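Letter by letter, the sequence shown follows residues -25 to -1, 1 to 79 in mature numbering (1 follows the signal peptide of the UniProt record, and there is no 0).
All C-beta atoms in this analysis are idealised placements derived from N, C-alpha and C, irrespective of residue type, glycine included.
These figures come from a predicted structure and were not determined experimentally.
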Amino acid sequence: MKRNFWTMSVLATGALLASASLAQAQQNCAPRALVIERLASSYGETRQSIGLAQNNTMVEVFASTDTGSWTITVTNAAGLTCLVASGQAFERLAESLPTPAEDA
């Protein structure tokens, strides 16, 4: 019985370590210059917008107006950039705020 418990403990620990390594590998992070170069050369994407988020992180949207592909990245203060989302059918919009309703 002790042997089965030990085997299960080892297997569970191995599964936790494997899932942690997999999570780190799936983050898709690299130095900012490399990410920007790859988005430009592989997808024809250029920066379309930028903003600051929590903890001095920079959020950017890259897109190709030719193919419609887009990518959202987050860069930390150390210059590490991570891909957050990507997709197709990018459109540039210039919407204005709705006019407030007049009080009666």
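Could you have a look at residue i and say whether DSSP puts it in helix, strand or coil?
i, result
"residue 8", "helix"
"residue -5", "Because residue -5 carries a pLDDT of 37, less than 50, the predicted location of this residue cannot be relied on, and the following value inherits that uncertainty. The answer is helix: DSSP assigns residue -5 an H, G or I state."
"residue 13", "helix"
"residue 23", "strand"
Which one of the options has the shortest CA to CA distance from residue i?
i, options, result
"residue 27", "39, 6 and 49", "49"
"residue 69", "52, 16 and 23", "23"
"residue 6", "57, 16, 17 and 39", "57"
"residue 64", "46, 8, 3 and 74", "46"
"residue 55", "31, 17 and 76", "31"
"residue 60", "74, 8 and 14", "14"
Where does residue i land, buried or exposed, given buried means 16+ other C-beta within 10 angstroms?
i, result
"residue 52", "exposed"
"residue 72", "exposed"
"residue -2", "Interpretation of residue -2 is limited by its pLDDT of 45, a score under 50 that renders its predicted location unreliable; no figure is taken from the coordinates."
"residue 35", "buried"
"residue 38", "buried"
"residue 44", "buried"
Work out the CA separation of residue j and residue i for me, nearest whole Å.
i, j, result
"residue 4", "residue 12", "13 Å"
"residue 67", "residue 40", "8 Å"
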